[in-house]
Amino acid sequence: MFWNLLSWYFLILVLGWLTFPLAYRLLGKLPDRGYTLSRALGLLLWGFIFWLSCSLGVLRNNPGGLLFALMVLLALSLWAGWRNWGEMWDWVRENRRMIITAEVVFLVGFLFMTLVRASDPDATGTEKPMELAFINAILNSETFPPHDPWLSGYAISYYHFGYILAAMLAKLTFTSGGVAFNLMLVSVFAMSAVGAYGVLFNLLSSFNGRRKGEINPTRWGLFGPLFLLFVSNLEGVLEVLHQAGVGWDLETGTSRLWGWINIESLLNPPSPPLSLAPQRFWWWWQASRVIQDIDLLGNVSGLSPIDEFPAFSFVLGDLHPHVLVMPFVMLVVGLALNVFLGGMDGDKKVLGFHLPYRWDGFLVSAVLLGGIAFLNTWDLPVFFTLLVGAFTLRQVMRQGWGWGRLGELLTLAIPLGILSLFLYLPFFISFQSQAGGLLPNLIYPTRGLYLWLMFGPLFVPIFLLFGWLWREKAEADWGWGSVLSLFVIVVLLLMAILLGFRLASTDAGQAMIASQGETSSFSLLISALSHRLRYGVTLLTMGALLTVGMSYLLGLTAQKEGEDRSSSVMPFILLMVVLGGLMVLAPEFIYLQDNFGARMNTIFKFYYQAWMLWSLSAGFAVVVLFSKGSWLAKALLVIVILLGLVYPLLAFPTKASNFQPLNGYTLDAGEYLETYQPDEAAAIEWLSQAEDGVVAEAIGGQYSSYARVATHSGQPTVLGWPGHEGQWRGGYAEVGEREGDIRTLYETPSWETALEIIQRYDIRYIYIGSLEKSAYAVNPSKFEQNLQAGFEEDGVVVYVVPEILQEVDGDS
Numbered sequence: 020m021f022w023n024l025l026s027w028y029f030l031i032l033v034l035g036w037l038t039f040p041l042a043y044r045l046l047g048k049l050p051d052r053g054y055t056l057s058r059a060l061g062l063l064l065w066g067f068i069f070w071l072s073c074s075l076g077v078l079r080n081n082p083g084g085l086l087f088a089l090m091v092l093l094a095l096s097l098w099a100g101w102r103n104w105g106e107m108w109d110w111v112r113e114n115r116r117m118i119i120t121a122e123v124v125f126l127v128g129f130l131f132m133t134l135v136r137a138s139d140p141d142a143t144g145t146e147k148p149m150e151l152a153f154i155n156a157i158l159n160s161e162t163f164p165p166h167d168p169w170l171s172g173y174a175i176s177y178y179h180f181g182y183i184l185a186a187m188l189a190k191l192t193f194t195s196g197g198v199a200f201n202l203m204l205v206s207v208f209a210m211s212a213v214g215a216y217g218v219l220f221n222l223l224s225s226f227n228g229r230r231k232g233e234i235n236p237t238r239w240g241l242f243g244p245l246f247l248l249f250v251s252n253l254e255g256v257l258e259v260l261h262q263a264g265v266g267w268d269l270e271t272g273t274s275r276l277w278g279w280i281n282i283e284s285l286l287n288p289p290s291p292p293l294s295l296a297p298q299r300f301w302w303w304w305q306a307s308r309v310i311q312d313i314d315l316l317g318n319v320s321g322l323s324p325i326d327e328f329p330a331f332s333f334v335l336g337d338l339h340p341h342v343l344v345m346p347f348v349m350l351v352v353g354l355a356l357n358v359f360l361g362g363m364d365g366d367k368k369v370l371g372f373h374l375p376y377r378w379d380g381f382l383v384s385a386v387l388l389g390g391i392a393f394l395n396t397w398d399l400p401v402f403f404t405l406l407v408g409a410f411t412l413r414q415v416m417r418q419g420w421g422w423g424r425l426g427e428l429l430t431l432a433i434p435l436g437i438l439s440l441f442l443y444l445p446f447f448i449s450f451q452s453q454a455g456g457l458l459p460n461l462i463y464p465t466r467g468l469y470l471w472l473m474f475g476p477l478f479v480p481i482f483l484l485f486g487w488l489w490r491e492k493a494e495a496d497w498g499w500g501s502v503l504s505l506f507v508i509v510v511l512l513l514m515a516i517l518l519g520f521r522l523a524s525t526d527a528g529q530a531m532i533a534s535q536g537e538t539s540s541f542s543l544l545i546s547a548l549s550h551r552l553r554y555g556v557t558l559l560t561m562g563a564l565l566t567v568g569m570s571y572l573l574g575l576t577a578q579k580e581g582e583d584r585s586s587s588v589m590p591f592i593l594l595m596v597v598l599g600g601l602m603v604l605a606p607e608f609i610y611l612q613d614n615f616g617a618r619m620n621t622i623f624k625f626y627y628q629a630w631m632l633w634s635l636s637a638g639f640a641v642v643v644l645f646s647k648g649s650w651l652a653k654a655l656l657v658i659v660i661l662l663g664l665v666y667p668l669l670a671f672p673t674k675a676s677n678f679q680p681l682n683g684y685t686l687d688a689g690e691y692l693e694t695y696q697p698d699e700a701a702a703i704e705w706l707s708q709a710e711d712g713v714v715a716e717a718i719g720g721q722y723s724s725y726a727r728v729a730t731h732s733g734q735p736t737v738l739g740w741p742g743h744e745g746q747w748r749g750g751y752a753e754v755g756e757r758e759g760d761i762r763t764l765y766e767t768p769s770w771e772t773a774l775e776i777i778q779r780y781d782i783r784y785i786y787i788g789s790l791e792k793s794a795y796a797v798n799p800s801k802f803e804q805n806l807q808a809g810f811e812e813d814g815v816v817v818y819v820v821p822e823i824l825q826e827v828d829g830d831s
């Protein structure tokens, strides 16, 4: 295990240095020359080269293919650094303090998350089995696309690039899938930490301008990982107050305060003894369910939104796409900042079109943005907009606002969007989605209390930064900024109304109208508008944020020769603030239709994107205000930061058993099987070493121990969690009758019936363990009489269907 940890760390370290010449060239306008982002850049480029080569049949998914792809990356890096080695070495010597700090940030993040995962390693509950199944399936797939571990005969239909990257690192370091699961979480945390440090370092260095030394970016850059990965929403503070008995009449068990707050698990009185440490089982979970959707009748929705944030994600320990993408989001933010600072300035003419950007910057932008879509498709629109917006602002800073900026925007956005998708075409061709258009959010406006509980630690620094800009008399166009902000809100409202009228013509719409005690779509609309006005703090907050941000952006004018550019990075900060605001505002009115039929998932994805953008903006704001703000602002910021750190300070030890695990430290996500079900663990280990083939095992509900054989062995099963397959594929056509067929396979006394099912799904292994025996009335005699047991131990049997039997019966 120690060897895996060490080799994984050094592989990522070497990958960063190997890619640095490329980063030095491509991110040349960043003060750190892309050093802090080189690990993420190297891993994504290596992954892209390897994945595309395997998808086209050029390489195989084996160590040889991985090394070949790595050599291609090395060749690109050598090309990028050619004739620049002396310059790069001089830069390294001059910036060794920043480099050492960045390495310490990565190492500390790596070690901290190693301790967290070693104390809580099991891939059980929530989405962890799915994520482990993907890693093991990719490790066990000779070619790409990798097979779906939970639906035999099909490829994975999910944004799975992050799991490919995890499997690549695992395969080259000879790490098992179970250990790779936790080491990938460790690596994502550490790369996100150093990436956030780098982004803030670059922002602060650029903000300093000619006034060098006024802000020390090497030291103050540490606020980047602090705000991204540790500062949390304020639900942790509520947990402390609740457990302390604040606001409770303990004799009657009632509380007006907590009834007014109205968060599900805080409505019951605290369990004794009273203290400042939350005692409720899984108390840390409620932080991801702060937003309560309350309808027109005052009822809380059973599908209230998910409002996850990075610290919660790492406490929970799910290796989901929104987590896997984080270091690469930092990379794209760094790339966008480089573009804003002039790193993609160029002048090319192609087919008669004038292209004001460099070809190498354009190509790497396409690869990175397409990679973001492959990692977590939800993130593509917002970070595509960030990069194109940064380019547009760069042109504005050079030439001022004008219609020419629209043409320049389109000359980048259209070809960049097309190329980003084209480069990852093998993924998009086979990708299915549950998304089905837009639906209106008429009856669930977000209560202002919940919005500030969620984003308060980020709102306070951002609004204080606005105050500082006003005090500094920064140029702004308040008229057009207000008009644009109002325009965005009105457009979203009209979309919700029009979509609402369309929905009202359906059975689902009529059911919604009736559920709210209304008789028509018009009466529902009037009641909904009144309901929304009662929760007007959210609209006021978001309207103010968008108005100020847009006003300062529109106030930009062309830079004049000799003008002080010390604050020129501020428009980029405002761009991040405005984009985050749009992400939070949109689901107040509309959301993406999916299998859940609620805005739960849209809030989840959009709020997470906003958190990443706003955390960087808030970190920047805190540093500026600590350096230039009033004592009152500094005191308020200290209080807010401390409140935002309550959750991680309590939640990490709680979830990690106070870092003293009962069964000792391990990074193997599947070791719990060996501890509690050694016979099953032995059978699954035997299967993982056996020839590739489809496994029949018990089928059951989601978030359970079903599908455990495919999850841990890497062999595909006939069907894993049916609900998840339906989500990934936008329906259940591919699932078909599999669940009933597997029940028949186990329960029928007829060998002929069983054989027909075996041949229908090309089953090679039939697994009978404790779960199969409890789920079905297993009739094993037909297997005993016609098949050989490949594995048998303590009641667990794995029957092997010989290929010759399948061939003979298949030909008859």
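Residue 20 is where the sequence shown starts when you use our numbering, and the numbers rise one by one after that.
Where a beta carbon is used, it is the ideal one built from N, C-alpha and C, also for glycine.
Quick caveat: nothing in here was measured; it's all calculated off a predicted structure.
Around the Cβ of Q804, are there at least 16 other Cβ atoms within 10 angstroms (buried) or fewer (exposed)?
Within the sequence shown, numbered from 1, the residue matching residue 804 stands at position 785. Looking at its Cβ environment, which holds fewer than 16 other Cβ atoms inside 10 Å, Q804 is exposed.
Which full runs of the alpha helix (DSSP H) of 4+ residues lie inside the region 537-604, going along the chain?
540-553, 555-573 and 589-604
Exposed or buried, H373, counting other C-beta atoms within 10 Å across all chains shown (16 or more means buried)?
Locating residue 373 in the sequence shown gives position 354, counting from the first residue. With fewer than 16 other Cβ atoms within 10 Å, it is exposed.
Note down, in chain order, each residue of its chain lying with its Cβ closer than 8 angstroms to the Cβ of L483, except the 5 sequence neighbours on either side.
For this step, residue 483 is matched to residue 464 along the sequence shown. Closer than 8 angstroms at Cβ, skipping near neighbours: A640, L644, G648, A652, L655 and L656.
Euclidean distance between Cα positions of G568 and A409:
Position 549 of the sequence shown, counted from the start, is the residue given in the question as residue 568. Position 390 of the sequence shown, counted from the start, is the residue given in the question as residue 409. Answer to the nearest angstrom: the Cα atoms are 14 angstroms apart.
Helix or strand or just coil, what does DSSP make of I313?
On the sequence shown, residue 313 is found 294 positions in, with the first residue counted as 1. Looking at I313 - three-state DSSP - the assignment turns out to be strand.
Own chain, CB closer than 8 angstroms to D828, minus 5 neighbours either side, in chain order
In the sequence shown, residue 828 corresponds to position 809, counting from 1. For D828, the predicted model reports a pLDDT of 45, less than 50, meaning its position is unreliable; a value from the coordinates is still stated below. Correct list, in chain order: L774 and Q778.
Complete runs of the alpha helix (DSSP H) confined to the region 28-80 [at least 4 residues]
57-74
Can you tell me which of the three DSSP states R13 falls into?
Lying before the first or after the last residue shown, residue 13 is absent from the chain, which here runs from 20 to 831.
Suppose you measure from the CA of P606 to the CA of A808; what does that come to, to the nearest Å?
For the purposes of this step, residue 606 is taken as the residue at position 587 of the sequence shown. For the purposes of this step, residue 808 is taken as the residue at position 789 of the sequence shown. Approximately 55 angstroms between the Cα atoms of the pair.
What is the rounded straight-line gap between the Cα of W36 and the Cα of F331?
The residue given as residue 36 occupies position 17 in the sequence shown. The residue given as residue 331 occupies position 312 in the sequence shown. W36 and F331: Cα-Cα distance of roughly 31 angstroms.
Own chain residues within Cβ distance below 6 angstroms of G128, not counting five before or after
Here the question's residue 128 lines up with position 109 in the sequence shown. The residues are F208, A209 and A212.
Can we say the region 692-711 touches the region 757-770, given the rule of at least three CB pairs closer than 8 angstroms?
Flag = no, the region 692-711 and the region 757-770 do not touch.
Quick one: what's H166 bridged to in DSSP?
The sequence position of residue 166 within the sequence shown is 147, counting from 1. The secondary-structure analysis by DSSP pairs H166 across a beta bridge with A174.
Report the CB separation of L632 from M595 in whole angstroms; it is logged as a contact under 8 angstroms.
Here residue 632 refers to the residue found at position 613 of the sequence shown. Here residue 595 refers to the residue found at position 576 of the sequence shown. Taking a contact as a CB-CB distance under 8 angstroms, the pair L632 and M595 counts as one, their CB atoms being some 4 angstroms apart.
Below 7 angstroms between beta carbons: does that hold for Y182 and F153?
Counting from 1 along the sequence shown, the entry for residue 182 is found at position 163. Counting from 1 along the sequence shown, the entry for residue 153 is found at position 134. Contact flag set, yes.
If you drop the 5 nearest sequence neighbours on each side, which residues of the same chain put their C-beta closer than 7 angstroms to that of S138?
The sequence position of residue 138 within the sequence shown is 119, counting from 1. Within the same chain, Cβ atoms closer than 7 angstroms to the Cβ of S138 are found at A675, S676, F678, P680 and Y684, the five residues on either side in sequence being excluded.
Per DSSP, I782 is paired with what?
What you label residue 782 is simply residue 763 of the sequence shown in a count that begins at 1. DSSP output for I782 lists V713 as bridge partner(s).
Boundaries of the beta strand (DSSP E) in which Y610 is found, first to last residue
Against the sequence shown, residue 610 aligns to sequence position 591. Note, Y610: beta strand (DSSP E), I609 to L611.
At which residue ranges does the region 413-454 contain complete alpha helix (DSSP H) runs of 4 or more residues, listed in the order of the chain?
422-441 and 444-449
Rounded to whole angstroms, what's the CA-CA distance from Y626 to A715? Just pull it up for me.
Taking the first residue of the sequence shown as 1, we reach residue 626 at position 607. Taking the first residue of the sequence shown as 1, we reach residue 715 at position 696. In a straight line, the C-alpha of Y626 is about 40 angstroms away from that of A715.
Validate contact between the region 67-83 and the region 40-52 using beta carbons, cut 8 angstroms, 3 pairs
Below 8 angstroms, too few C-beta pairs join the region 67-83 and the region 40-52 to call them touching: fewer than three.
Should A637 and M602 be called a contact, given that it needs their Cβ atoms to be closer than 7 angstroms?
As a working mapping, residue 637 is identified with position 618 in the sequence shown. As a working mapping, residue 602 is identified with position 583 in the sequence shown. No; because the gap between Cβ atoms is not below 7 angstroms, this pair is not in contact.
Can the beta-carbon of L191 be found closer than 7 angstroms to that of L85?
Against the sequence shown, residue 191 aligns to sequence position 172. Against the sequence shown, residue 85 aligns to sequence position 66. Cβ distance < 7 angstroms, so L191 and L85 count as in contact.
Just reading off the beta strand (DSSP E) that Y684 is part of, what are its end residues?
Taking the sequence shown and counting its residues from 1, the one referred to as residue 684 is at position 665. Note, Y684: premise wrong, no beta strand (DSSP E); not H, not E.
Along the chain, where does the beta strand (DSSP E) containing V816 start, and where does it finish?
By 1-based counting over the sequence shown, the position of residue 816 is 797. In the DSSP assignment, V816 falls within the unbroken beta strand (DSSP E) covering V815 to V819.
What are the residues that DSSP puts in a beta bridge with P459?
Position 440 of the sequence shown, counted from the first residue, corresponds to residue 459. For P459, which the question treats as bridged, DSSP gives the partners I609.
Helix, strand or coil at T673 [DSSP, three-state]:
Reading the sequence shown from its first residue, position 654 is the one you call residue 673. Looking at T673 - three-state DSSP - the assignment turns out to be helix.
Give me the residue from R58, L41 and A717 with the minimum Cα distance to Y784.
Your numbering for residue 784 matches position 765 in the sequence shown. Nearest option by C-alpha distance: A717.
DSSP three-state label for K367, please.
As a first step, residue 367 must be located in the sequence shown, where it is residue number 348. Three-state DSSP puts K367 in a strand.
Which listed residue (D337, V259, I280 and T271) has its alpha carbon closest to that of R299
Position 280 of the sequence shown, counting from 1, holds the residue named residue 299. Ranking D337, V259, I280 and T271 by Cα distance to R299 puts V259 first.
Do three or more CB pairs link the region 308-325 to the region 278-289 at distances below 8 angstroms?
yes
Once you ignore the five residues that flank G617 on each side, which residues in its own chain have a CB closer than 6 angstroms to its CB?
In the sequence shown, residue 617 corresponds to position 598, counting from 1. A quick correction: the sequence has Ala, not Gly, at residue 617. Cβ within range, chain order: L322.
Please name the residue in E753, F402 and I782 whose C-alpha comes closest to that of I761.
The count along the sequence shown starts at 1 and reaches residue 761 at position 742. Just measuring C-alpha positions, the residue of E753, F402 and I782 sitting nearest I761 is I782.
Between which two residues does the alpha helix (DSSP H) harbouring A808 extend?
For this step, residue 808 is matched to residue 789 along the sequence shown. Looking at the DSSP string, A808 is not in any alpha helix (DSSP H); the run it does join, the beta strand (DSSP E), is Q807 to E812.
Nearest-angstrom Cα distance between F447 and L440?
Along the sequence shown, one-based indexing puts residue 447 at 428. Along the sequence shown, one-based indexing puts residue 440 at 421. Their backbone Cα atoms lie some 8 angstroms apart in a straight line.
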